[in-house]
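Below is one structure, written out as structure tokens; the observations come after it.
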Amino acid sequence: MEGESLSVQPSSIFSLPPEIVVDILHHLVASNNRVLGRRYDDLIRTTLSTSYVRQVALASPSLWTRIEITDNPASFELAKACLNRSGSQVLDIAIRIAIRVGPKLPGVFALVNHVASRTRELRLQIGLGQSAQRTQLNEFLGTLDLPALECLALDFWDP
Numbered sequence: 000m001e002g003e004s005l006s007v008q009p010s011s012i013f014s015l016p017p018e019i020v021v022d023i024l025h026h027l028v029a030s031n032n033r034v035l036g037r038r039y040d041d042l043i044r045t046t047l048s049t050s051y052v053r054q055v056a057l058a059s060p061s062l063w064t065r066i067e068i069t070d071n072p073a074s075f076e077l078a079k080a081c082l083n084r085s086g087s088q089v090l091d092i093a094i095r096i097a098i099r100v101g102p103k104l105p106g107v108f109a110l111v112n113h114v115a116s117r118t119r120e121l122r123l124q125i126g127l128g129q130s131a132q133r134t135q136l137n138e139f140l141g142t143l144d145l146p147a148l149e150c151l152a153l154d155f156w157d158p
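By numbering that gives the first Met the number 0, the letter at position 59 of the sequence shown is numbered 58, and the numbering carries on one by one without gaps.
Take a look at the structure:
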């Protein structure tokens, strides 16, 4: 052994099994320190690194189970993509809207109702300025059937 040198070959991400790649990617979305609506930034950037990582990520429903909607219109598009990619996984939904709430409420209600049966966590933060919006929200919440719900957080304020 003396005098022999060891050569280290760089390993490729392509040599990792998909399960390991998914585990790594879970760490990118698991942080609770993210600003609402920004949870998937690192994951999306990482999926742009190689087609292999992208294929693994897109084929892994467990990576896409956090639905976050904010006043940013792009958050609605990302939420749709996450819903499509999440398969039948249980969901954690966080919605925070404060600007032009009235026109957004029907879409929020439709989304929550559509995935109610597989919602584990529902966090609603909504600025309700008009009593009609409060009434509309109360009526909607009264009709919801959330069999998988483990956590419900409601925060309403008058903007």
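Ideal Cβ positions, reconstructed from N, Cα and C, are used throughout, including at glycine.
Here the structure is a predicted model, which means the values were calculated and not measured.
The beta-carbon separation of Pro-158 and Ala-115, rounded to 27 Å, does not stay under the 8 Å limit for a contact. By the criterion of at least three beta-carbon pairs nearer than 8 Å, the segment 59-79 is not in contact with the segment 130-139. Secondary structure note for Gly-126: its beta strand (DSSP E) is the uninterrupted segment 118-126.
Comparing alpha carbon positions, the residue from Ile-19, Val-21, Tyr-39 closest to Val-28 is Tyr-39. A Cβ-Cβ distance of about 7 Å is found for the pair Leu-123 and Asp-154, placing them in contact under the 8 Å criterion. In the pairwise beta carbon analysis, the segment 43-57 is classified as touching the segment 16-24: at least three pairs are separated by under 8 Å. Assignment of Glu-67 by DSSP, reduced to helix, strand and coil, places it in the strand class. Only buried fits Glu-67, as 16 or more other CB atoms lie within 10 angstroms of its CB. Counting the other Cβ atoms within 10 Å of the Cβ of Trp-156 gives fewer than 16, which makes it exposed. Looking at the DSSP output, Phe-155 shares a beta bridge with Ile-125. For Ala-93, the enclosing beta strand (DSSP E) stretches over residues 90-96.
The beta carbon of Arg-84 is closer than 7 Å to those of Leu-57, Pro-60, Trp-63 in its chain, skipping five residues each way along the sequence. Taking a 10 Å sphere around the C-beta of Ala-78, we find 16 or more other C-beta atoms and assign the residue as buried. Taking C-alpha positions only, Asp-91 is separated from Gly-106 by approximately 17 Å.
Contact check for Val-89 against Arg-117 passes: the beta carbons are separated by less than 8 Å.
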